[in-house]
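Residue numbers for the sequence shown follow the UniProt record's numbering, beginning at 1 and rising by one.
Note that CB positions come from ideal geometry on N, CA and C, so glycine has one too.
No experiment lies behind these values; they were computed from the predicted model shown.
Some notes on the structure that comes next.
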Amino acid sequence: MPKRSGNWMTITEFCEEMDISRSTFDDWRAKQRAPKCIRLPNGSLRIRRTDFENWLDTLEDAA
(Lines of atoms letter the chains of each structure in order from A and count residues from 1; the text may use other names and numbers.)
(Lines give C-alpha, C1' and ligand atoms only; values in the text may rest on other atoms or scores of the structure.)
Protein backbone atom coordinates (compact mmCIF):
# COMPACT_ATOMS: atom_id res chain seq x y z
CA MET A 1 0.00 0.00 0.00
CA PRO A 2 1.47 3.39 -0.94
CA LYS A 3 2.29 5.86 1.80
CA ARG A 4 -0.40 8.53 2.05
CA SER A 5 0.59 12.17 2.24
CA GLY A 6 -2.42 13.63 4.05
CA ASN A 7 -5.02 15.43 1.97
CA TRP A 8 -2.95 15.40 -1.22
CA MET A 9 -1.75 12.61 -3.50
CA THR A 10 1.24 12.79 -5.77
CA ILE A 11 0.81 11.42 -9.28
CA THR A 12 3.11 8.54 -8.32
CA GLU A 13 0.85 7.70 -5.35
CA PHE A 14 -2.22 7.86 -7.60
CA CYS A 15 -0.64 5.57 -10.20
CA GLU A 16 0.46 3.09 -7.51
CA GLU A 17 -2.99 3.05 -5.91
CA MET A 18 -4.69 2.54 -9.29
CA ASP A 19 -1.98 0.11 -10.49
CA ILE A 20 -1.42 2.05 -13.71
CA SER A 21 1.61 3.52 -15.45
CA ARG A 22 2.37 7.23 -15.59
CA SER A 23 1.73 7.16 -19.34
CA THR A 24 -1.77 5.78 -18.71
CA PHE A 25 -2.41 8.61 -16.24
CA ASP A 26 -1.15 11.16 -18.79
CA ASP A 27 -3.47 9.64 -21.41
CA TRP A 28 -6.47 9.75 -19.04
CA ARG A 29 -5.66 13.35 -18.15
CA ALA A 30 -5.37 14.36 -21.82
CA LYS A 31 -8.79 12.78 -22.42
CA GLN A 32 -10.19 14.47 -19.26
CA ARG A 33 -10.87 11.10 -17.63
CA ALA A 34 -8.51 11.55 -14.66
CA PRO A 35 -9.43 13.27 -11.40
CA LYS A 36 -8.91 17.01 -11.19
CA CYS A 37 -5.28 17.99 -10.60
CA ILE A 38 -3.66 21.02 -9.01
CA ARG A 39 -0.40 22.32 -10.49
CA LEU A 40 1.98 23.59 -7.81
CA PRO A 41 4.30 26.56 -8.40
CA ASN A 42 7.20 24.13 -8.94
CA GLY A 43 5.26 22.49 -11.80
CA SER A 44 4.41 19.21 -10.09
CA LEU A 45 0.84 17.95 -9.94
CA ARG A 46 -1.21 16.93 -6.91
CA ILE A 47 -4.66 15.41 -6.54
CA ARG A 48 -6.84 16.19 -3.54
CA ARG A 49 -7.77 12.93 -1.84
CA THR A 50 -11.42 14.09 -1.77
CA ASP A 51 -11.32 14.67 -5.55
CA PHE A 52 -9.86 11.18 -5.95
CA GLU A 53 -12.62 9.64 -3.81
CA ASN A 54 -15.32 11.57 -5.72
CA TRP A 55 -13.78 10.49 -9.03
CA LEU A 56 -13.88 6.85 -7.89
CA ASP A 57 -17.55 7.29 -6.98
CA THR A 58 -18.35 8.50 -10.51
CA LEU A 59 -16.69 5.40 -11.94
CA GLU A 60 -18.80 3.20 -9.68
CA ASP A 61 -22.02 4.89 -10.85
CA ALA A 62 -21.01 4.39 -14.49
CA ALA A 63 -20.34 0.67 -14.04
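Going by DSSP, residue 47 is part of the beta strand (DSSP E) stretching over 45 to 48. Around the CB of residue 38, fewer than 16 other CB atoms lie within 10 Å, so the residue is classed as exposed.
Here DSSP, grouped into helix, strand and coil, assigns residue 39 to strand. Residue 18 is not a Cβ neighbour of residue 46, given a cutoff of 8 Å.
Excluding the 5 residues flanking it on each side, residue 7 has same chain C-beta neighbours closer than 7 Å at 48, 49, in chain order.
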